[in-house]
Structures are given as C-alpha cells and as structure tokens.
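Numbering (the working numbering), first residue to last: 29 to 160. The C-beta atom is built at its ideal place from N, Cα and C for all residues, glycine as well. One structure below.
Right under this line is the structure:
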C-alpha cells in the first residue's frame, strides 16, 4: 500500500471533490465553490519527517475550463507553515508568509492537461526545499 492518499478534511469540501482509486490516489474536483476568492484544498495524508527526501509525481489529467488554475505543494499540519506552493498557470512559487508569488527560475511555464510534474522535497536541512 502506498504511503500517500488523498483526504478531504473539511465538511465544506466534501461536495467539491471525489476521491477514488484502489489506494485513494486519485482526486477529481467536481464542485464549483461559490466564491472566486477562496481556494478549497484537498489534502494528502502523509506524515513527512526531517532528514528525509520525498519524491512523487502529479499527473494533471484534466483542467476545469472556467477555472483552470491548480495550486499544489506541501504545507504543515493544520495549514501551518512551512508552505511550498506552485501554481499551474505559470509555475510561479510561494512560500510561508510571502505576499506575492515568485516567478519560476527558468521563466513562466504553464502546466497543461496530461503533463506529469515530478517533485522532490528535501528535508535533510531546514526549512527544506521543494524541487520540480
């Protein structure tokens, strides 16, 4: 059984997502939350520990035509820091208390349907780095 599975942790999110797959490894955004200024999260259940490296891939099978942006990354338990987030519209990044998104080091790159994003989180030093 894989170490990771998707989870919806807030009641308001239950109608927004459908989680499937034998190991709960697939998630589909179904709802269209009424407020455009709010991002509704779906979360993974995985405890990460310092001193380790974690690698995984995210497959974007389909994007919503009206709201195609997806933000993904890692964050601490109960939405606490550290945060390392990436947006699919430009591959810009955000971390912890930053007010604005930082551009992708190699320039903007849109993540499209059928793209596979390989990620590595290196916790061998603090505060850790998220690489793509």
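| Check | Outcome |
| --- | --- |
| Under 8 Å, with one C-beta from each stretch per pair, do the segment 132-143 and the segment 108-119 reach the 3-pair mark? | yes |
| Under 8 Å, do residue 70 and residue 34 count as touching if we go by C-beta distance? | yes |
| Is residue 32 near residue 72, with beta carbons less than 8 Å apart? | yes |
| Since residue 53 and residue 45 are thought to touch, with beta carbons under 8 Å apart, how far apart are those beta carbons, to the nearest angstrom? | Wrong, their Cβ atoms sit about 13 Å apart, outside the cutoff. |
| Under the three-state reduction of DSSP, which class applies to residue 105: helix, strand or coil? | helix |
| How about residue 123 and residue 112: are their beta carbons less than 8 Å apart? | yes |
| What is the residue span of the beta strand (DSSP E) that residue 137 lies within? | Segment: none, residue 137 is in no beta strand (DSSP E) and carries neither H nor E. |
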